[in-house]
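Presented below is the structure to which this report refers.
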Amino acid sequence: MSLCPGYKQVDAFGPDDEYEDEEEVSYVTLDLGSVEPSLLPSSASYRLIGLDTPTPFLQLSGTVLKGQHESLLGTELLFGDGKDTSADRSKRTVAYLASTKQRVCFKEVRLQPKGEGKEKDKEPPAEEDNGRHALDRTTGKQAPPPRKKRTKKKKRKMAPRGRTHQSQRGKATEKEKERRSRLTMLTMTTRR
Numbered sequence: 001m002s003l004c005p006g007y008k009q010v011d012a013f014g015p016d017d018e019y020e021d022e023e024e025v026s027y028v029t030l031d032l033g034s035v036e037p038s039l040l041p042s043s044a045s046y047r048l049i050g051l052d053t054p055t056p057f058l059q060l061s062g063t064v065l066k067g068q069h070e071s072l073l074g075t076e077l078l079f080g081d082g083k084d085t086s087a088d089r090s091k092r093t094v095a096y097l098a099s100t101k102q103r104v105c106f107k108e109v110r111l112q113p114k115g116e117g118k119e120k121d122k123e124p125p126a127e128e129d130n131g132r133h134a135l136d137r138t139t140g141k142q143a144p145p146p147r148k149k150r151t152k153k154k155k156r157k158m159a160p161r162g163r164t165h166q167s168q169r170g171k172a173t174e175k176e177k178e179r180r181s182r183l184t185m186l187t188m189t190t191r192r
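Position one of the sequence shown corresponds to residue 1 (full-length UniProt numbering), numbered consecutively onward.
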């Protein structure tokens, strides 16, 4: 007997030969952007998290990168080292591996604890140490000094059109009078 009409209870599935296992392999290239190329070989391990999500993350030796999927206009061909592993670079061969139409572009991000992101007034701690600056995690070289925080300039209040400030009232310049007369001449000629 079944709980729902039209369905029946199955005690056991048939033999595994009846089912087909298909494996689909797709290749995606990873664009690391501004990451220093010397960082890649020095990284003993990496973590790639959420490749099938809209925003995958990659961790290379303490550097965290956030990715975004992009569809390519064309097809990107992927090649690997050929069977002939000669020491001479000019005689090396390459072999076709696969092609792809997707790329994941990564940018470096800085992770912050959950509480710090909401506080706007808190200024980040200075990374200076006795006049020496910290190392840039992307390049591994000395980082430039941090920039000072910009301040907003106060906007000046402008007088409404056709009027001048009190200090300039009555001091209409010759240029202003000339401009007004041109405007009246222009309106007269367009009305005809």
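We put the CB at the ideal spot given by N, CA and C, even for glycine.
Only a predicted model underlies this, so the values are computations on that prediction, with no experimental measurement involved.
Return the chain-ordered ranges of every beta strand (DSSP E) run that is complete within the stretch 81-112 and spans a minimum of 3 residues.
94-109
If you drop the 5 nearest sequence neighbours on each side, which residues of the same chain put their C-beta closer than 7 Å to that of ALA46?
In the sequence on display, residue 46 carries Tyr and not Ala. Correct list, in chain order: LEU58, GLN59 and LEU60.
Please report how far the alpha carbon of LYS175 lies from the alpha carbon of SER71, in whole angstroms.
58 Å
Are the beta-carbon atoms of ARG92 and GLY82 separated by less than 8 Å?
yes
Rounded straight-line distance, which links the Cα of ARG89 to that of ALA12:
60 Å
Burial state of THR151 (16 or more Cβ within 10 Å):
exposed
Please state whether the Cβ-Cβ distance between ARG110 and THR29 is less than 8 Å.
no
So, with DSSP's three-state summary, where would you put LYS175?
helix
How long is the line joining the alpha carbons of LEU65 and LEU48, rounded to whole angstroms?
10 Å
Could you have a look at ASP11 and say whether DSSP puts it in helix, strand or coil?
coil
With DSSP run on the structure shown, which of helix, strand or coil describes THR63?
strand
Taking 6 Å as the limit between beta carbons, can you name the residues of its chain near GLY67, skipping five residues before and five after?
PRO56, VAL104 and PHE106
Please name the residue, chosen from LEU73, GLY50 and ALA44, that lies closest to GLY62 on a Cα-to-Cα basis.
ALA44
Where SER34 falls: helix, strand or coil (DSSP)
coil
For the beta strand (DSSP E) containing ARG47, name the first residue and the last one.
46-49
Tell me, to the nearest whole angstrom, how far the beta carbon of ALA98 is from that of TYR27; I am working on the premise that it is less than 8 Å.
5 Å
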